[in-house]
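Enquirer:
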Amino acid sequence: MQFLFRYANPHNFMRLSGAVLPFTAIGAALALIAGLYLSFSVPPDYQQGRTVTIFFIHVPAATMAMGTYIAIALCSLLSLVWRHPLSDTAARAAAPLGAMFTALGLITGALWGKPMWGTYWVWDARLTSFLLLLFIYFGYMALWSAIEDEAKAARAAAILALVGAVNIPIIKYSVDWWNTLHQGSTVTAFKMAAVYYPPFFTMLLAYSLLFATLWMIRIRTAIVERRARNLMQGAAA
Amino acid sequence: MNFDMSPYGAFIWPAYSISALALGIATLWTVAAWRRAKARLATLESGQGT
Amino acid sequence: MNPFGTLLLRDLKLAARSGGGAALALSFFALVATLVPLGVGADLKLLARVAGGILWVAAVLSALLSLDRLFQGDFEDGSLEVIALSPLALEMTALAKIMAHWLSTGLPLTLLSPVLALLFNLDVAPTVTLFLSLLIGTPAVSAVGAIGASLTLSLKRGGLILPLIILPLLAPAVIFGAGAVRLVLDGMGSGSALGLLAAFSFGAVLLSPFAAAASVRLNLGG
């Protein structure tokens, strides 16, 4: 674990992230431009026509929504077990981004569903689990801001994140099981044809790089804010 | 590039606009918060220096 | 008597004394069940169809009412620190509190459910399944709820944030519990659903004392 901790102290993180940030930011912008170009260049799907275009922003958003939660859970584990000093800040900084990606996944999913299923909302297993994930993000963020003592809030939020991490696969399983209960819903699973791989993976890369960029800036902001707070307290004392 | 989305334009364009809007606002917001925090720290540090 | 039993008895007595304990949760449970037909109409077929789901959701919400006080009272008057210093492991303390909460809310709610099922025109077989599912599943509500209660125990308005934290985590209990009733209504066996519910409940009761104890510790330290 030691090699990880070398970048744990805020000073080193500021230096490292400062060096990496321009590359992720420019990379995100380039991937986004390329991804958009590719998204509008592919032929319509033989089954769902051009609605396939929505997939190029829907699936990356959904992937990032799950990925962000995994990142938060890992940070929480680092914080609780190894007392890694920066991971609480990192976990907190990621949460609003994860909630945003979850919401985007839901909205784009609904907009895909209307022409395909005939309604904006179908109680489909994936949509339902993402709705629950959104509430889990809200609860996590609410707990962080409800507890005033920052050290206590960090530990409480970390415990909640880990409880959520254990529970999310169970929720997913139970929602899948529940979905098989009502007959008559024949939602066909969509298997992406190979022509759609380039726009899809480019957009996925763009979303990942954008997330990495915003996450790092948010952690940096939190570090700078803490420094400013400490200075204020030092001046007052 | 082909921007003819018929007959699904009413769903595809909103999906892209909302996503672009959300990601754009999140980016602006994040950068603004960073600049604010940095400016605050700078004034505090210069204040202490004098 | 062993310390675990002493703590359990004490908590049960406290629950009985403050606000009538089970009475409040039971009244709330019955009230929700009364309001639903007023809202969706008195179509008996429809009511039988939704009874399992509505009564499950109502039971979870009723159990929530007393949950925020699970650790808070003891935290505020300092007795939680005394309990933490006792030889009883904090994990066992959490388990005792979960059991006390279940005995004073989950179990009474389960016992009342057949009466409410009657109001919903539920047949005998689905009523038995509903009763069994609540019996198996409500311990999970107390257990998962205890995690939420311990995380929010230092908050004055913890009661507001508690449902937001634990309701998404309780989705599997509602799904399997109400699902069991639906399976019976559709003329199928409910064994699979009850089995899954039992597994969820068992896991929750087994694991949540650790999470609850960890968060009680962080609130006591410093």
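Protein chains in written order, with the working numbering: chain A, 1201 to 1437; chain B, 41 to 90; chain C, 517 to 738. We treat Cβ as the ideally placed atom computed from N, Cα and C, and that holds for glycine.
1) Measure from the alpha carbon of residue 1251 (chain A) to the alpha carbon of each residue in A:1227, A:1317 and A:1354, then state which is nearest.
2) Could you give the DSSP three-state label for residue 1384 (chain A): helix, strand or coil?
3) Give a yes or no on whether 8 Å exceeds the smallest Cβ distance from residue 1217 (chain A) to chain B.
4) Would you mind telling me which residues of chain A sit closer than 9 Å to residue 59 (chain B), beta carbon to beta carbon, in chain order?
5) May I ask which residues mark the beginning and end of the alpha helix (DSSP H) holding residue 682 (chain C)?
6) My understanding is that residue 732 (chain C) touches residue 596 (chain C), with C-beta atoms under 8 Å, so please give their C-beta distance in whole angstroms.
7) Straight-line CA distance for residue 1346 (chain A) to residue 1353 (chain A)?
8) For a contact defined as C-beta to C-beta under 8 Å, what are the partners of residue 503 (chain C) on chain A?
9) From the DSSP secondary-structure annotation, give me the bridge partner or partners of residue 1245 (chain A).
10) Are residue 1293 (chain A) and residue 1271 (chain A) touching if we call contact CB-CB under 8 Å?
11) Give, in chain order, every unbroken run of the alpha helix (DSSP H) that is at least 4 residues long and sits entirely within the stretch 591-639 of chain C.
12) If we cut at 8 Å on Cβ distances, does residue 90 (chain B) have a partner in chain A?
13) Using CA atoms only, rank isn't needed, just tell me which of C:586, C:684, C:674 and C:621 is closest to residue 1334 (chain A).
14) Considering only their Cβ atoms, is the gap separating residue 1415 (chain A) from residue 1141 (chain A) smaller than 8 Å?
15) Determine the DSSP secondary structure at residue 1348 (chain A), reduced to helix, strand or coil.
16) When DSSP labels each residue in this structure, what does residue 1263 (chain A) get in the three-state scheme?
17) Identify whether residue 1321 (chain A) lies in helix, strand or coil by the three-state DSSP scheme.
18) How far does the alpha helix (DSSP H) with residue 1395 (chain A) in it extend, from its first residue to its last?
19) Quick one: which unbroken alpha helix (DSSP H) runs of 4-plus residues sit fully inside the stretch 544-600 of chain C? Chain order, please.
20) For residue 43 (chain B), does the three-state DSSP call read helix, strand or coil?
21) Whole-angstrom Cβ separation of residue 1403 (chain A) and residue 1243 (chain A), contact assumed at under 8 Å?
22) Tell me which same chain residues have a C-beta within less than 6 Å of the C-beta of residue 614 (chain C), skipping the five on either side of it?
23) Considering just the uninterrupted stretch of the alpha helix (DSSP H) at residue 1218 (chain A), what are its terminal residues?
24) Okay, do the stretch 706-723 of chain C and the stretch 684-698 of chain C touch, 3+ Cβ pairs below 8 Å being the bar?
25) Taking only beta-carbon positions, decide if residue 1336 (chain A) is within less than 8 Å of chain C.
26) Quick check on residue 735 (chain C): does DSSP put it in helix, strand or coil?
27) Going straight from the alpha carbon of residue 673 (chain C) to that of residue 582 (chain C), what length do you get?
28) Determine, using beta carbons only, whether residue 655 (chain C) and residue 1371 (chain A) come nearer to each other than 8 Å.
29) Given 8 Å as the limit, is there contact between the stretch 1207-1218 of chain A and the stretch 1416-1430 of chain A, that is, 3 or more CB pairs closer than that?
30) Under 7 Å: does the beta carbon of residue 1213 (chain A) sit that close to some heavy atom of the ligand GTP?
31) For residue 1352 (chain A), which residues in chain C fall below 8 Å Cβ to Cβ?
32) Looking at the unbroken alpha helix (DSSP H) that takes in residue 688 (chain C), where does it start and where does it end?
33) What did DSSP end up calling residue 90 (chain B) once you bin it into helix, strand or coil?
34) Please classify residue 43 (chain B) as buried or exposed, where buried requires at least 16 other C-beta atoms within 10 Å of its C-beta.
35) Roughly how many angstroms separate the alpha carbons of residue 58 (chain B) and residue 1313 (chain A), rounded to a whole number?
36) Given a threshold of 16 other Cβ atoms within 10 Å of its Cβ, counted over all protein chains shown, does residue 727 (chain C) qualify as buried or as exposed?
Expert: Taking the structure as given:
1) A:1317
2) With a pLDDT of only 42 at residue 1384 (chain A), under the threshold of 50, the placement of this residue in the model should not be trusted, and no figure is reported.
3) no
4) Those within 9 Å of residue 59 (chain B) in chain A are 1257, 1258, 1261, 1304, 1307 and 1308.
5) 674-682
6) Their Cβ separation, rounded to whole angstroms, is 7 Å, which keeps residue 732 (chain C) and residue 596 (chain C) in contact under 8 Å.
7) Answer to the nearest angstrom: the Cα atoms are 8 Å apart.
8) Residue 503 (chain C) lies beyond the range of chain C shown here (517 to 738); nothing can be said about it.
9) In DSSP, residue 1245 (chain A) forms a bridge with A:1249.
10) no
11) 595-601, 606-617 and 623-635
12) Confidence at residue 90 (chain B) is low in this model, with a pLDDT of 49, below 50, so its placement is unreliable and the value that follows should be read with caution. No, its Cβ sits nowhere closer than 8 Å to a Cβ of chain A.
13) Per the Cα distances, C:684.
14) Residue 1141 (chain A) lies beyond the stretch modelled for chain A, which goes from 1201 to 1437, so this question has no answer here.
15) coil
16) helix
17) Taken through DSSP and simplified to helix, strand or coil, residue 1321 (chain A) comes out as coil.
18) Careful: residue 1395 (chain A) lies outside any alpha helix (DSSP H) and carries neither H nor E.
19) 560-581 and 585-592
20) coil
21) The pair is not a contact, with the Cβ atoms about 17 Å apart (cut-off 8 Å).
22) 658, 659 and 662
23) 1210-1239
24) yes
25) It does; some Cβ of chain C falls within 8 Å.
26) Helix, per DSSP.
27) 13 Å
28) no
29) yes
30) Because no ligand of any kind appears in the structure shown, any question about the ligand GTP cannot be addressed here.
31) 670, 734, 735 and 738
32) 687-701
33) The predicted model places residue 90 (chain B) with a pLDDT of 49, which falls under 50 and marks its position as unreliable; any figure quoted below should be read in that light. In the structure shown, residue 90 (chain B) sits in coil (DSSP, three-state: anything other than H, G, I, E or B).
34) With fewer than 16 other Cβ atoms inside 10 Å of its own Cβ, residue 43 (chain B) counts as exposed.
35) 16 Å
36) Result: buried.
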